[in-house]
Amino acid sequence: MAKRVDSLPLIGLSRWKQIEPFVGVSRETWRKLCLEGRAPRPIRLSPRCTVWDNCELLRYLADPLNYQPAYHDIHHAAVGKAIG
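Each residue of the sequence shown is one higher than the one before, counting from 0 in numbering that gives the first Met the number 0.
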């Protein structure tokens, strides 16, 4: 029997199956929102393990239409583009 979760923890990391009930869009739409900066950036732990920061997810879920990435996400994206 699957464990029902009504909320995300305030801290920590969550995988897709844990956040899926809360985001309200398909996995592909969520991926596109993340790439566009309109949803929290995923964290790649390994080639087959992607997670999201719960704190950022909760910020997004509080106001999805006006979500802006936190400063560290913007900085990380800029550094990644400069290197790659």
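Think of the CB as a built atom: it goes at the ideal place given N, C-alpha and C, for glycine as much as any other residue.
- Tyr-66 and Ser-25 have their C-alpha atoms some 18 Å from each other.
- Judged by DSSP in its simplified three-state form, Ile-42 adopts strand.
- Between the C-alpha atoms of Ala-38 and Thr-28 there is a straight-line separation of about 10 Å.
- Under the three-state reduction of DSSP, Val-24 is assigned to coil, being neither helix nor strand.
- Distance between Arg-43 and Arg-14, taken at the CA atoms: about 10 Å.
- For Glu-55, the enclosing alpha helix (DSSP H) starts and ends at 53-61.
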